[in-house]
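Structure record follows, encoded as structure tokens.
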RNA sequence: CGAGGCGUGGCUCAGUUUGGCUAGAGCGCUGCGUUAGGGACGCAGAGGUCGCAAGUUCAAAUCUUGUCGCCUCGACCA
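Residue numbers (my numbering): 3 to 479.
Encoded structure:
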């Protein structure tokens with residue numbers, strides 16, 4: 003169609019170049035703007051509003067489990083960062099340092115937080131004395147800085163927004179329970195609100211967080227068949243507690259170390275929304291996260307009565323997040339604008355509709371047109387939004403499932419990864435040597451050892467030794 | 001950090017090989033008017049000193065050196 007031509011020119015098709023498509027969508031939907039600061043992006047209103055909605059809903063989910071919000075300093079003294087050995091080694095290569103305050107050099111340099119475990123530990127060492135002080139269930143919404151070599155909007159930027167929860171518990175069991183609980187909060191949120199199905203599982207030792215005993219992850223599959231780690235939950239055991247001396251007196255008057263967890267989700271998840279749901283016309287936002295759910299577009303708005311009707315419609319739909327585009331652009335322009343921004347529904351209202359006592363509802367995901375009488379409009383809109391939300395989850399799940407393969411041996415593994423991008427399930431002996439070999443040969447990393455295990459061969463896909471576990475593998479962002 | 005590509009109005013680019021008049025185009029932007037069911041059209045305007053610095057030259061967007069930045073892929077990470 004001729005009218006699609008300009009859109010096609012504006013956004014590179016996924017098929018042609020997925021990376022370019024992603025960049026085009028992010029820019030055309032006005033989610034971000036590149037800044038003058040290397041590797042740092044500016045979140046524009048359309049992008050920030052998505053983050054605000056994520057924040058609002060996740061924050062409520064956290065609080066429902068007893069979590070409280072705090073705010074910690076953005077600087078960490080070097081001596082504090084040094085306290086836990088694995089942790090420093092993990093983060094040292096990518097921290098930014100402040101070495102001067104005003105005109106004076108600092109006696110001890112400060113890093114800009116890449117994550118705040120050390121600060122929370124420092125706090126907990128001071129405020130936890132008795133079993134009565136436990137558990138501590140703190141979270142903070144903040145930004146962190148990691149000096150990454152190369153950056154991409156949302157997926158990897160020098161500074162990014164996230165939340166980090168840090169908890170301290172009396173027992174190892176309680177800490178493990180909390181770790182899994184928060185992983186489930188993330189996974190449920192992603193499925194229910196973002197319409198993104200997640201694989202839940204444990205990270206291999208190689209992939210786990212610096213300083214953690216165990217790292218759990220939710221993994222999603224993007225449209226191009228690459229995996230995205232979308233949220234993590236770590237069980238620290240008492241490792242940090244021993245390094246930072248976080249001890250409490252139990253009921254029997256004996257000193258015990260606390261057991262800790264931490265868990266985080268970042269603006270990276272917005273990258274997942276884009277890459278799971280987007281299409282060649284731009285962004286497609288699930289209704290439950292969309293900052294604007296409905297855009298009313300008047301047709302021939304200068305004609306007597308059209309705008310009045312449009313305002314009336316907007317008022318009737320005020321239970322939803324609804325906008326009305328009264329700019330003097332042509333209707334076709336407004337349609338494209340609504341589509342590229344991923345607004346779930348648009349309602350077309352013109353002279354013909356007014357005469358017929360109806361409006362036309364158009365779904366962003368399927369472009370299905372639904373004619374609804376004015377009297378029914380609220381009910382129809384509500385119904386269509388619900389349907390769209392669940393259809394999007396179903397489609398994402400179907401895509402993931404149809405791009406998930408089994409590899410019984412290395413030849414099959416290599417062939418699959420080369421020809422069919424997606425998740426590969428394979429049995430594994432659990433050794434890091436095999437993990438490394440698989441990565442060298444295929445470029446795929448272990449994504450996780452899923453909670454939902456299967457057993458389909460007895461031997462490791464790589465070395466042929468007895469298999470201990472089934473893991474998901476794939477190329478990742 | 002390795003490989004490759006690129007910096008010229010807001011955007012996409014032409015001009016650079018072979019230095020030469022007042023640096024161009026399309027889109028976008030502003031004003032007025034006509035239009036309106038898939039990125040409308042006419043007329044009139046505004047806007048750049050060619051990423052930055054030094055050098056060569058009568059003369060530099062164009063040549064030389066340095067420097068800064070961006071993009072893609074890879075390695076590393078949420």
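From the three backbone atoms N, C-alpha and C, an ideal C-beta is built for every residue, glycine too.
Taking a C-beta distance under 8 Å as the contact criterion, residue 273 and residue 230 qualify as a contact pair.
Here residue 115 has 76, 78 and 146 as same chain residues with Cβ atoms under 6 Å from its own Cβ, once five neighbours each way along the sequence are excluded. Just measuring C-alpha positions, the residue of 106, 130, 96 and 283 sitting nearest residue 117 is 96. Note: residue 324 is bridge-paired with 296 in the DSSP secondary-structure output. For residue 49, the closest alpha carbon among the candidates 33, 55 and 99 is that of 33.
A contact is defined here as three or more CB-CB pairs under 8 Å, and the region 278-286 fails this definition with respect to the region 299-316. Pairing residue 297 with residue 317 gives a Cβ-Cβ distance that is not under 8 Å.
Going by DSSP, residue 221 is part of the beta strand (DSSP E) stretching over 216-223.
Take the alpha-carbon of residue 406 and the one of residue 427: they are about 7 Å apart. Nearest to residue 163 by alpha-carbon distance, out of 155, 237 and 139, is 155. Under the DSSP assignment, residue 81 falls in the alpha helix (DSSP H) whose first and last residues are 80-83.
Counting C-beta pairs closer than 8 Å gives fewer than three between the region 399-414 and the region 344-356, which falls short of the contact rule. By the Cβ-count criterion, residue 234 is buried, with 16 or more other Cβ atoms from all chains shown falling within 10 Å of its own Cβ. A buried status is given to residue 189, since no fewer than 16 other beta-carbon atoms sit within 10 Å of its beta-carbon.
Between the alpha carbons of residue 28 and residue 22 lies a gap of roughly 10 Å.
Close CB contacts of residue 159 within its chain, under the 7 Å cut and outside five residues either way in sequence, are with 41, 42, 43 and 153 (chain order). DSSP, read as helix, strand or coil, puts residue 44 in strand. Here the alpha carbon of residue 448 sits roughly 15 Å from the alpha carbon of residue 469. Residue environment analysis places residue 39 among the exposed positions, since fewer than 16 neighbouring C-beta atoms fall within 10 angstroms of its C-beta.
Counted as a single uninterrupted DSSP element, the beta strand (DSSP E) harbouring residue 237 occupies residues 229-239. In terms of Cβ geometry, residue 462 and residue 430 form a close pair [threshold 8 Å].
In the DSSP assignment, residue 303 falls outside any beta strand (DSSP E) and carries neither an H nor an E.
By a beta-carbon distance limit of 8 Å, residue 81 does not contact residue 106. Their separation comes to about 19 Å.
Ranked by Cα distance from residue 289, the first of 395, 415 and 245 is 395. If you draw a 10 Å sphere on the C-beta of residue 320, you find fewer than 16 other C-beta atoms in it, and that means exposed. When the five nearest sequence neighbours on each side are left out, the beta carbons in the same chain lying within less than 6 Å of the beta carbon of residue 98 are those of 114, 147 and 149, in order along the chain.
Taking a C-beta distance under 8 Å as the contact criterion, residue 261 and residue 176 qualify as a contact pair. With respect to the 8 Å criterion, residue 363 and residue 372 are classified as neighbours on the basis of their beta carbons.
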